[in-house]
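Visitor: If you're matching positions, the sequence shown starts at 56 in the numbering used here and goes up one per residue. Got a structure here, written out as structure tokens. Questions coming.
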Amino acid sequence: MNKETYIEVNRTSQYINKMRRFSVLIDGVEAGKIKDGERLRIDLQPGEHDIQVKINWCTSQTLRFILDEGEVLKFRCGSPVRGWKMFFTLFYVLAAPEKYSFIEQE
Numbered sequence: 056m057n058k059e060t061y062i063e064v065n066r067t068s069q070y071i072n073k074m075r076r077f078s079v080l081i082d083g084v085e086a087g088k089i090k091d092g093e094r095l096r097i098d099l100q101p102g103e104h105d106i107q108v109k110i111n112w113c114t115s116q117t118l119r120f121i122l123d124e125g126e127v128l129k130f131r132c133g134s135p136v137r138g139w140k141m142f143f144t145l146f147y148v149l150a151a152p153e154k155y156s157f158i159e160q161e
């Protein structure tokens, strides 16, 4: 039986990065770009992989996952910079770029 093996990345909708795309990196290589509020499907081989999201020079922390044959994993990405934190955008970008964006498994 040939089952599809892939991941799905959902990006939260946010005011701060509404017009910008995030790059989705799988094992350090760009696998696609995702717009605000969009869903991206990435077909992968079974095995252990790393996933990150990147916007300009700000790259999220690495999340490692194992994908079994025929499995579908879902992830959510975005930026924790919301509400009053928008006043500290420059701090996130310059002092803590790895905290400007996030990727997590749903």
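Note that beta-carbon positions come from the ideal geometry of N, C-alpha and C, so glycine has one too.
First and last residue of the beta strand (DSSP E) that includes T98?
Guide: Reading the sequence as shown, one finds Asp at residue 98 and not Thr. D98 -> beta strand (DSSP E) spans R94 to D98.
Visitor: Rounded to the nearest angstrom, what separates T60 and G125 at their Cα positions?
Guide: Cα to Cα, T60 sits roughly 5 Å from G125.
Visitor: Can you list the alpha helix (DSSP H) stretches of 4 or more residues lying completely in the segment 99-130, in chain order?
Guide: Listed in chain order, nothing qualifies, since the segment 99-130 has no complete alpha helix (DSSP H) run of 4 or more residues.
Visitor: Tell me whether the beta-carbon of I158 lies closer than 8 Å to the beta-carbon of C132.
Guide: In contact: I158 and C132 (Cβ atoms closer than 8 Å).
Visitor: Less than 8 Å between the CB atoms is what I'm expecting for Q116 and E153, so what's the real figure, rounded?
Guide: Confirmed, Cβ separation roughly 5 Å.
Visitor: The beta strand (DSSP E) with G83 in it runs from where to where?
Guide: Premise fails: G83 is in no beta strand (DSSP E) and is neither H nor E.
Visitor: If you check the beta carbons only, do I62 and L128 fall under 8 Å apart?
Guide: A contact, by the Cβ cut-off of 8 Å.
Visitor: CA-CA distance, S78 and G87?
Guide: Taking the straight line from one Cα to the other gives about 6 Å.
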